[in-house]
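Trainee:
This is the structure we're talking about:
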């Protein structure tokens with residue numbers, strides 16, 4: 001079969017999603033040589049085509065010039081107007097938006113049998129069979145967070161998922177909890193939802209990062225909590241700050257916090273809370289850091305403190321475990337399934353519970369070492385090679401169905 005793989009711009013500031021997508025793509029390309037299928041990458045710009053020129057599989061650019069976009073927009077509007085003027089029934093006059101029509105034409109031209117999306121929201125809404133992942137349905141579970149509700153975000157996400165999920169050939173999710181959420185919200189038959197656990201991303205520091213003390217490079221304290229997360233409201237930085245203030249006020253324990261990630265509109269609120277809690281000397285903002293610095297930042301941290309509201313799957317706890325950093329994680333649905341006994345899982349809405357977990361690791365080095373050991377075991381249980389093997393099995397299974405039509 002011919003498999004189309006759409007990929008995004010792969011901008012590093014997307015955080016964990018970039019790490020997941022780029023490593024998954026690399027493994028698919030590497031493994032494609034041993035597959036009976038033909039893989040074709042669909043990319044959004046000629047810049048990426050040039051960057052991928054050395055890879056051993058075909059690359060197709062989906063870019064449309066501004067002139068073509070204008071023509072397509074006017075063409076679609078004209079068809080809609082004719083539809084309304086003559087009151088044509090839906091079945092008599094079908095039209096597609098310009099982008100969808102453009103993508104479907106490309107897929108037909110290259111005789112694609114199935115589309116394999118390796119991250120959500122690229123172009124899964126197409127006419128040929130497709131496999132799409134669902135990482136979270138946070139807009140359904142936490143509709144009040146601004147990042148999934150303001151400026152039409154809730155409607156945009158809901159319209160997309162309601163259409164794409166129900167029509168998908170297969171849906172990939174990382175946990176049984178995620179599968180249950182898809183069934184609950186979108187009434188998809190369970191046999192079309194496949195659970196493939198998130199693999200542990202590989203963190204590789206370059207030689208300079210290994211040789212240079214990361215604490216010195218960023219002027220960090222010897223001991224710190226680490227939280228790599230973009231500054232969204234749902235990342236729950238506030239509860240962590242309140243927990244650090246509790247440690248300082250109630251136990252006279254000063255635990256610095258190192259934050260990395262780009263601002264998504266909530267950084268000013270977080271900085272205001274830091275001032276209010278008198279924690280300016282204990283919180284270090286590094287902004288966006290290069291990928292090669294993540295490994296030493298994890299490995300030299302006292303612990304990863306990961307208190308997001310969104311789940312059921314999250315990548316940073318797995319990254320931390322892979323380099324021997326103990327993990328304190330939020331009790332989101334799916335956390336126990338994903339992390340098992342390799343993390344301290346706490347109520348992320350309760351700053352006292354978070355503070356108690358941090359103090360427990362400070363007071364009990366045996367427990368901390370045990371978490372490190374269990375984390376290393378968990379991190380090695382499921383790697384990118386395992387994930388790709390499961391994807392290829394799914395494609396192989398569908399081949400017996402796809403051969404039923406031309």
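Numbering (our numbering), first residue to last: 1 to 406. We put the beta carbon where it would ideally sit given N, CA and C, even for glycine.
Determine the DSSP secondary structure at residue 4, reduced to helix, strand or coil.
Mentor: DSSP places residue 4 in strand when its eight states are reduced to three.
Trainee: How would you call residue 404, buried or exposed, if buried means at least 16 neighbouring beta carbons within 10 angstroms?
Mentor: It is exposed - the Cβ of residue 404 has fewer than 16 other Cβ atoms within 10 Å.
Trainee: Measuring alpha carbon to alpha carbon, tell me which of 325, 406, 290 ends up nearest residue 301.
Mentor: Ranking 325, 406, 290 by Cα distance to residue 301 puts 325 first.
Trainee: Which class does residue 12 belong to by DSSP, given the choice of helix, strand or coil?
Mentor: Because the pLDDT at residue 12 is just 44, under 50, the model does not fix this residue reliably, and the value given afterwards should be weighed accordingly. DSSP places residue 12 in helix when its eight states are reduced to three.
Trainee: Which one or two residues does DSSP pair with residue 411 in a beta bridge?
Mentor: Residue 411 lies beyond the stretch modelled for the chain, which goes from 1 to 406, so this question has no answer here.
Trainee: Report the rounded CA-to-CA distance for residue 95 versus residue 104, giving the unit in angstroms.
Mentor: Any reading at residue 95 needs caution, since the residue's pLDDT is 45, under 50, leaving its predicted position unreliable; the model's value is listed next. Those two C-alpha atoms are separated by around 13 Å.
Trainee: Determine whether the Cβ of residue 282 lies closer than 8 Å to any Cβ atom of chain B.
Mentor: Protein chain content of the structure displayed is limited to a single chain, and chain B is not contained in it.
Trainee: Name the two residues that bound the continuous alpha helix (DSSP H) containing residue 186.
Mentor: Unbroken alpha helix (DSSP H) run through residue 186: 176 to 186.
Trainee: Give the single residue among 149, 190, 146, 130 whose Cα lies nearest to the Cα of residue 163.
Mentor: Comparing Cα-Cα distances from residue 163 to each of 149, 190, 146, 130, the minimum goes to 130.
Trainee: May I have the straight-line CA-CA distance separating residue 343 from residue 225, to the nearest angstrom?
Mentor: Roughly 15 Å separates the two Cα atoms.
Trainee: Closer than 6 Å by C-beta to residue 2: which residues in its own chain qualify, once you throw out the five before and the five after it? Chain order, please.
Mentor: Counting only Cβ-Cβ distances below 6 Å, and skipping sequence neighbours, we find 38, 111, 112, 113.
Trainee: Taking the continuous beta strand (DSSP E) assigned at residue 287, which residues delimit it?
Mentor: Residue 287 -> beta strand (DSSP E) spans 283 to 287.
Trainee: Figure out for me which residue from 182, 142, 101, 20 has the closest Cα to the Cα of residue 134.
Mentor: With distances taken between Cα atoms, residue 134 lies closest to 182.
Trainee: In the DSSP assignment, find the unbroken alpha helix (DSSP H) run with residue 271 in it and report its ends.
Mentor: 267 to 276 is the extent of the alpha helix (DSSP H) around residue 271.
Trainee: Does residue 132 come out as helix, strand or coil in the three-state DSSP assignment?
Mentor: It is a strand residue.
Trainee: Along the chain, where does the beta strand (DSSP E) that runs through residue 227 open and close?
Mentor: Element bounds for residue 227: 225 to 228.
Trainee: Distance check for residue 146 and residue 269, CA to CA, integer angstroms please.
Mentor: Residue 269 and residue 146: Cα-Cα distance of roughly 13 Å.
Trainee: Between the Cα of residue 236 and those of 308, 227, 299, spot the shortest distance and give me the residue it belongs to.
Mentor: The shortest Cα separation from residue 236 among 308, 227, 299 belongs to 308.
Trainee: Would you decide whether residue 91 is buried or exposed? Buried here means 16 or more other CB atoms lie within 10 Å of its CB.
Mentor: In this prediction, residue 91 has a pLDDT of 43, which is less than 50 and means its spatial position is unreliable; what the coordinates show is noted afterwards. It is exposed - the Cβ of residue 91 has fewer than 16 other Cβ atoms within 10 Å.
Trainee: Kindly list the residues whose CB is nearer than 6 Å to the CB of residue 298, restricted to its own chain and excluding five residues on each side of it in sequence; keep chain order.
Mentor: If we look at residue 298 and ignore the five residues flanking it on each side, its Cβ neighbours are 320, 323, 325.
Trainee: Please determine, among 245, 141, 288, 55, the residue with the shortest C-alpha to C-alpha distance to residue 26.
Mentor: The shortest Cα separation from residue 26 among 245, 141, 288, 55 belongs to 55.
Trainee: Are residue 220 and residue 258 closer than 8 Å when you measure CB to CB?
Mentor: A contact, by the Cβ cut-off of 8 Å.
Trainee: Alpha carbon to alpha carbon, how far is residue 314 from residue 331? Give it in angstroms, no decimals.
Mentor: Distance between the alpha carbons of residue 331 and residue 314 is about 12 Å.
Trainee: According to DSSP, simplified to helix, strand and coil, what is residue 42?
Mentor: Reduced to three states, the DSSP call for residue 42 is strand.
Trainee: Please identify the residue among 108, 119, 64, 5 whose C-alpha is closest to the C-alpha of residue 18.
Mentor: Measuring from the Cα of residue 18, the nearest candidate turns out to be 119.
Trainee: Could you please give me the residues that DSSP links to residue 407 through a beta bridge?
Mentor: In the structure as shown, the chain starts at 1 and stops at 406, and residue 407 therefore has no counterpart that could be examined.
Trainee: Between the Cα of residue 287 and the Cα atoms of 267, 191, 277, which residue gives the shortest distance?
Mentor: Measuring from the Cα of residue 287, the nearest candidate turns out to be 267.
Trainee: Would you mind sorting residue 117 into buried or exposed? The rule is 16 or more other CB atoms within 10 Å of its CB.
Mentor: Buried is the call here.
Trainee: If you run the structure through DSSP and keep just helix, strand and coil, what is residue 199?
Mentor: Note: residue 199 maps to coil in three-state DSSP.
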